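**Q** Mind having a look at this structure? Questions to follow.
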Amino acid sequence: MDIKKIGIITFHRSHNYGAVLQAYALLTTLKKMGHNVEIIDYWPKYREGDYSLFNFRSKPNNGKITLASTLKTSLKRVLTLPNRWKVYARFNNFIKHRLKVANTSNQLGSGIADKYDVIVCGSDQIWRYKSGRIAGFDDVYFAKYPLNKNVTKLSYGASMGDMDLDEDAKKIFSKLIENLDFISVREDSLLELVKPLTIKLAVKVLDPVFLISEAEWGKLIKRNDNKKKYLLFYHFLENQEAINLAKKIAKERKLEIIQVRGVNLNVSPFSPGNIKHSAGPIDFITLIAYADYVVSTSY
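Letter by letter, the sequence shown follows residues 23 to 321 in this note's numbering.
Given below as C-alpha cells:
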C-alpha cells in the first residue's frame with residue numbers, strides 16, 4: 023500500500039464532546055489504514071478565547087450586549103469556575119494525549135507547510151458561514167492552503183450547521199468547494215445544497231465516530247464506579263419533549279437519571295446531584311458505555 027502523509031484540518035481544539043471525539047475517530051481510522059497522520063494545529067485568531075476560563079463575553083440580546091447581560095455572564099462564570107477548570111483540564115488532557123497534533127501551531131492558513139500528500143478537511147461544522155464573531159467562510163477549511171498542486175485535497179463528513187445562505191454566499195461557497203478534489207459531507211441537507219453548486223461528485227458519509235469499532239472506543243473507557251442502573255441524558259439544547267421522554271423512561275424502568283449538560287446555573291429538570299458538570303471526553307464516553315438508555319438533545 024502507498025503510505026501517505028495526511029494532515030487533518032478540523033475543530034480539534036473545541037471543548038465540545040462531538041468535536042474532539044470525531045477528530046480522534048478520523049485520526050484513528052486513517053492510522054489503522056497504515057498512513058502517517060496528524061492533525062494540523064490550525065486555530066485562527068477569531069477562535070481565540072472561545073474556551074478560555076476567563077472569557078466573560080456575553081451573548082447579544084436582540085443584537086445588543088447590555089451591561090446587565092455582561093454582569094450576569096461574569097457572575098455566572100465566576101461562580102462556575104471550579105467546575106469549568108475541571109472540564110478545561112480534562113479536554114486539554116484529551117487533546118494533548120489522544121490527538122496527534124502537529125508540533126507547529128499556526129493561526130494563518132498560509133503557514134501550513136507543503137509537507138502533506140493529502141489534506142483532509144473535516145469532520146464537524148467547519149463550513150459554518152458564521153463562526154462566533156465572524157461572518158463569512160474560512161477558506162482554510164476548504165484546503166486553500168497549501169498551494170502545492172500535487173497535494174490531494176478533500177473533505178470528509180464536512181458540515182455547515184445553519185445553511186440559510188443568500189445568493190452571494192452561495193457563489194463564494196461554490197468557488198471554495200471547487201478547490202477540493204473530492205467532496206463528502208455529513209448531512210443530506212448539505213449534500214442537496216452542494217450538488218447544484220459543483221460539477222464534481224459529492225457524497226454523504228458517516229460521521230467519523232462510527233468508523234471505529236466498539237472495541238476501539240472501549241480502550242478509552244474507565245472503570246464503572248456507578249453501580250446503579252441509569253439513563254444518561256445529554257442535555258445540550260433546551261427541549262421539553264426530550265426532558266419528558268427521559269423522565270418517562272426512567273420512571274418506567276426504575277432508572278437513575280444522570281445528566282451531562284456542562285456548567286449551567288439554570289434550574290435543572292432533575293435533581294442537582296445527578297448533573298455531571300465537569301465531565302471530560304473520556305467521562306462522556308464512559309457514561310454512554312455503561313448507560314441502560316441514552317436520551318440526547320444534540321449530537
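Glycine residues also receive a C-beta, built at the ideal position from the N, C-alpha and C atoms.
Because the structure is a prediction, the values reported are computed rather than measured.
With the cut-off set at 8 Å, would you say V207 and S177 are in Cβ contact?
**A** Cβ atoms of V207 and S177: closer than 8 Å.
**Q** Please report the distance separating the alpha-carbon of G240 from that of I307.
**A** 9 Å
**Q** Buried or exposed for L287, please, with buried defined as at least 16 other CB atoms from any protein chain shown within 10 angstroms of its CB.
**A** Caution is warranted here: a pLDDT of 41 is assigned to L287, below 50, making its placement in the model unreliable, and the coordinate value is therefore given only provisionally. It is exposed - the Cβ of L287 has fewer than 16 other Cβ atoms within 10 Å.
**Q** If you compare alpha carbons, which of G29, L233, V42 is closest to Y110?
**A** Ranking the options by Cα distance to Y110, first place goes to V42.
**Q** Which residues bound the alpha helix (DSSP H) around L215?
**A** 210-216
**Q** As a quick exercise: from S36, T51, I199, I194, pick the residue whose alpha carbon is nearest that of A180.
**A** I199
**Q** Residue ranges of each beta strand (DSSP E) run of no fewer than 3 residues wholly in the region 237-295, ordered along the chain?
**A** 252-256, 278-282
**Q** Would you list the residues sitting across from K226 in a DSSP beta bridge?
**A** V207
**Q** Touching or not, the region 219-230 and the region 247-261, by the rule of three or more beta carbon pairs under 8 Å?
**A** Note that the region 219-230 does not touch the region 247-261; fewer than 3 beta-carbon pairs, one per stretch, sit closer than 8 Å.
**Q** Work out the CA separation of I117 and E60 for me, nearest whole Å.
**A** 12 Å
**Q** Have a look at L215 and K192 and give me their C-alpha separation to the nearest angstrom.
**A** 9 Å
**Q** Between the C-alpha atoms of W121 and G71, what's the straight-line distance to the nearest angstrom?
**A** Checking the sequence, you will find Leu at residue 121 rather than Trp. Going from the Cα of L121 to the Cα of G71 covers about 21 Å.
**Q** What residue range does the beta strand (DSSP E) around E60 cover?
**A** 58-64
**Q** Does the distance from the C-beta atom of V317 to that of L267 stay below 8 Å?
**A** yes
**Q** By how many angstroms is the C-alpha of M23 removed from the C-alpha of R283?
**A** 44 Å
**Q** Quick one: residues in its chain with C-beta nearer than 6 Å to the C-beta of K175, no 5 flanking neighbours on either side, listed in chain order?
**A** I141, A165, L202, D203
**Q** Can you give me the start and stop residues for the alpha helix (DSSP H) that L49 sits inside?
**A** 39-54
**Q** In three-state terms, what does DSSP make of D146?
**A** strand
**Q** Buried or exposed for V231, please, with buried defined as at least 16 other CB atoms from any protein chain shown within 10 angstroms of its CB.
**A** buried
**Q** Skipping 5 residues on each side, what residues in its chain have a beta carbon closer than 6 Å to that of Q129?
**A** Contacts found: P66, K67.
**Q** Below 8 Å between beta carbons: does that hold for S300 and K108?
**A** yes
**Q** Could you give the C-beta distance for L52 and I31, rounded to a whole number, given that I count them as a contact under 8 Å?
**A** With 8 Å as the limit, L52 and I31 do not qualify as a contact, their Cβ atoms being about 13 Å apart.
**Q** Whole angstroms is fine: what's the gap from K298's alpha carbon to F255's?
**A** 10 Å
**Q** Using three-state DSSP, classify K152 as helix, strand or coil.
**A** strand
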